[in-house]
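In the working numbering, the protein residues as written are 1229 to 1361.
The beta-carbon is built from N, C-alpha and C at its ideal position, and this holds for glycine as well.
Source: prediction; values computed, not measured.
Input: a single structure, listed below in C-alpha coordinates.
Structure (C-alpha coordinates):
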(Lines of atoms letter the chains of each structure in order from A and count residues from 1; the text may use other names and numbers.)
(Lines give C-alpha, C1' and ligand atoms only; values in the text may rest on other atoms or scores of the structure.)
Protein backbone atom coordinates (compact mmCIF):
# COMPACT_ATOMS: atom_id res chain seq x y z
CA UNK A 1 0.00 0.00 0.00
CA UNK A 2 1.22 3.51 -0.78
CA UNK A 3 -0.41 6.77 0.25
CA UNK A 4 0.46 10.17 -1.13
CA UNK A 5 1.10 12.67 1.63
CA UNK A 6 2.95 15.90 2.33
CA UNK A 7 3.92 17.82 5.46
CA UNK A 8 2.69 21.39 5.18
CA UNK A 9 4.02 22.31 1.71
CA UNK A 10 6.94 19.86 1.77
CA UNK A 11 7.12 16.51 0.01
CA UNK A 12 9.94 15.43 2.34
CA UNK A 13 7.74 13.35 4.65
CA UNK A 14 10.72 11.29 5.85
CA UNK A 15 12.16 14.42 7.44
CA UNK A 16 9.05 14.90 9.58
CA UNK A 17 8.29 11.26 10.46
CA UNK A 18 10.02 8.01 11.40
CA UNK A 19 8.11 4.83 10.49
CA UNK A 20 9.17 1.42 11.84
CA UNK A 21 7.41 -1.94 12.15
CA UNK A 22 6.37 -1.13 15.74
CA UNK A 23 5.80 2.62 15.92
CA UNK A 24 5.70 5.87 14.01
CA UNK A 25 6.99 9.22 15.22
CA UNK A 26 5.38 12.31 13.71
CA UNK A 27 6.61 15.86 14.23
CA UNK A 28 4.34 18.10 16.29
CA UNK A 29 3.44 21.31 14.55
CA UNK A 30 2.29 20.10 11.18
CA UNK A 31 -1.27 19.93 10.04
CA UNK A 32 -3.58 17.56 11.85
CA UNK A 33 -4.20 15.91 8.47
CA UNK A 34 -0.57 14.70 8.34
CA UNK A 35 -0.85 13.04 11.76
CA UNK A 36 -4.36 11.73 11.09
CA UNK A 37 -3.28 10.04 7.88
CA UNK A 38 -0.65 8.01 9.75
CA UNK A 39 -3.09 7.23 12.54
CA UNK A 40 -5.92 6.21 10.18
CA UNK A 41 -3.74 4.00 8.01
CA UNK A 42 -1.88 2.30 10.88
CA UNK A 43 -4.69 2.00 13.45
CA UNK A 44 -5.59 -1.53 12.35
CA UNK A 45 -2.16 -2.88 13.35
CA UNK A 46 -2.42 -4.33 16.84
CA UNK A 47 -0.11 -2.64 19.34
CA UNK A 48 1.16 -0.09 16.82
CA UNK A 49 1.83 3.40 18.22
CA UNK A 50 1.65 6.72 16.34
CA UNK A 51 3.32 9.35 18.52
CA UNK A 52 3.45 13.10 18.02
CA UNK A 53 6.69 14.55 19.35
CA UNK A 54 9.57 16.92 18.82
CA UNK A 55 13.28 16.30 19.19
CA UNK A 56 15.20 19.27 20.57
CA UNK A 57 12.08 21.32 19.85
CA UNK A 58 12.23 20.45 16.15
CA UNK A 59 9.52 18.97 13.94
CA UNK A 60 12.21 17.17 11.92
CA UNK A 61 11.96 13.96 13.93
CA UNK A 62 12.79 11.70 10.98
CA UNK A 63 16.04 13.48 10.31
CA UNK A 64 17.12 13.50 13.95
CA UNK A 65 16.56 9.90 15.07
CA UNK A 66 17.17 6.33 13.94
CA UNK A 67 15.13 3.36 15.01
CA UNK A 68 13.53 0.01 14.41
CA UNK A 69 11.15 -2.28 16.32
CA UNK A 70 13.85 -2.90 18.94
CA UNK A 71 15.20 0.54 19.70
CA UNK A 72 15.26 4.26 19.10
CA UNK A 73 18.45 6.34 19.01
CA UNK A 74 18.10 10.03 19.81
CA UNK A 75 20.67 12.83 19.70
CA UNK A 76 22.10 14.24 22.92
CA UNK A 77 20.16 17.46 22.22
CA UNK A 78 16.86 15.71 23.02
CA UNK A 79 15.28 17.43 26.03
CA UNK A 80 14.51 15.43 29.20
CA UNK A 81 10.79 16.07 28.66
CA UNK A 82 10.92 14.74 25.09
CA UNK A 83 12.89 11.68 26.22
CA UNK A 84 10.38 10.93 28.97
CA UNK A 85 7.42 11.43 26.60
CA UNK A 86 8.91 8.94 24.13
CA UNK A 87 9.75 6.38 26.83
CA UNK A 88 6.19 6.65 28.18
CA UNK A 89 4.60 6.43 24.72
CA UNK A 90 6.62 3.71 22.99
CA UNK A 91 6.07 -0.01 23.59
CA UNK A 92 8.10 -1.41 26.49
CA UNK A 93 10.03 -3.60 24.04
CA UNK A 94 11.60 -0.50 22.42
CA UNK A 95 14.86 0.58 24.07
CA UNK A 96 15.24 4.37 23.91
CA UNK A 97 18.72 5.88 24.19
CA UNK A 98 20.22 9.34 23.80
CA UNK A 99 23.70 9.15 22.37
CA UNK A 100 26.49 11.68 22.66
CA UNK A 101 27.79 11.98 19.11
CA UNK A 102 29.02 14.94 17.11
CA UNK A 103 26.43 14.06 14.46
CA UNK A 104 23.01 14.98 15.81
CA UNK A 105 21.05 14.22 12.62
CA UNK A 106 21.07 10.48 13.25
CA UNK A 107 18.37 9.85 10.65
CA UNK A 108 20.79 11.19 8.04
CA UNK A 109 23.70 9.10 9.38
CA UNK A 110 22.00 5.75 10.03
CA UNK A 111 19.77 3.79 7.67
CA UNK A 112 18.38 0.71 9.39
CA UNK A 113 15.64 -1.85 9.56
CA UNK A 114 15.10 -4.74 11.97
CA UNK A 115 18.00 -6.76 10.51
CA UNK A 116 20.78 -4.44 9.36
CA UNK A 117 22.10 -0.90 9.80
CA UNK A 118 24.22 1.17 7.47
CA UNK A 119 26.04 3.80 9.50
CA UNK A 120 28.26 6.78 8.78
CA UNK A 121 31.95 5.74 9.04
CA UNK A 122 32.68 8.16 11.88
CA UNK A 123 29.92 6.77 14.14
CA UNK A 124 30.83 4.18 16.76
CA UNK A 125 29.35 0.78 15.85
CA UNK A 126 28.51 0.25 19.52
CA UNK A 127 25.67 2.77 19.26
CA UNK A 128 23.77 0.32 17.09
CA UNK A 129 23.59 -2.18 19.97
CA UNK A 130 20.40 -0.35 21.01
CA UNK A 131 18.91 -1.56 17.74
CA UNK A 132 19.95 -5.18 18.57
CA UNK A 133 21.97 -5.56 15.39
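query: In terms of alpha-carbon separation, which member of 1292, 1307, 1274 and 1357 lies closest to residue 1251?
result: Taking the first residue of the chain shown as 1, we reach residue 1251 at position 23. Check the Cα spacing between residue 1251 and each of 1292, 1307, 1274 and 1357: the tightest is with 1274.
- request: Ignoring anything shorter than 4 residues or poking outside the segment 1296-1361, list the alpha helix (DSSP H) runs there in chain order.
  value: Runs of the alpha helix (DSSP H) inside the segment 1296-1361: 1308-1317 and 1334-1337.
query: To the nearest angstrom, how far is it from the Cα of residue 1335 to the Cα of residue 1230?
result: As a first step, residue 1335 must be located in the chain shown, where it is residue number 107. As a first step, residue 1230 must be located in the chain shown, where it is residue number 2. For the pair residue 1335 and residue 1230, the Cα-to-Cα distance works out to about 22 Å.
field: Where residue 1279 falls: helix, strand or coil (DSSP)
entry: Within the chain shown, numbered from 1, the residue matching residue 1279 stands at position 51. Here residue 1279 sits in strand by DSSP.
- prompt: Short check: CB of residue 1253 to CB of residue 1299, under 7 Å?
  reply: Working through the chain shown from its first residue, we reach residue 1253 at position 25. Working through the chain shown from its first residue, we reach residue 1299 at position 71. No, these two residues do not count as a Cβ contact at 7 Å.
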